[in-house]
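Input: a single structure, listed below in structure tokens.
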Amino acid sequence: MVAKITKPAGADEDKKDLPAWLKPGDGFVDVVLSRALDLSGSKTTVLRVREVTVDDQLTVEEMKGSEARKEISLFANLCEVSPADIAKLPLRDYARLQASLGVFTD
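Just so we're aligned: the sequence shown equals residues 1 to 106 in our numbering.
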């Protein structure tokens with residue numbers, strides 16, 4: 001997989017101990033951004049990341065381009081936004097997206 005899946009910094013094994021900016025649900029996690037992101041004229045402070053499927057992993061593996069571009073495409077797909085929107089994120093918020101994938105691993 002392109003994205004490194006690890007438990008978020010500061011998270012214990014128990015999901016109750018996740019950082020305040022990660023809010024898990026059934027098959028998704030809401031990532032609270034450090035500041036609002038403009039998505040097609042609307043400001044949002046939360047991106048919903050759905051759980052990665054095996055098909056998502058296969059699609060990314062078959063893509064051409066750098067590992068970074070593949071990961072951006074993966075997050076765009078998981079968040080139902082464009083790759084350009086993901087690319088606009090400050091590094092702090094992009095790192096939050098990366099950390100969010102750890103919520104789905106046991």
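Each residue gets a CB set at the ideal place from its N, CA and C atoms; glycine is no exception.
Residue environment for glutamate 71: buried (at least 16 other C-beta atoms within 10 angstroms of its C-beta). For valine 54, the uninterrupted alpha helix (DSSP H) run begins and ends at 54-62, by DSSP.
In chain order, Leu37 place their CB closer than 6 Å to the CB of threonine 44, counting only its own chain and leaving out the 5 sequence neighbours on each side. For aspartate 93, the uninterrupted alpha helix (DSSP H) segment begins and ends at 91-100. Under the DSSP assignment, lysine 70 falls in the alpha helix (DSSP H) whose first and last residues are 67-79.
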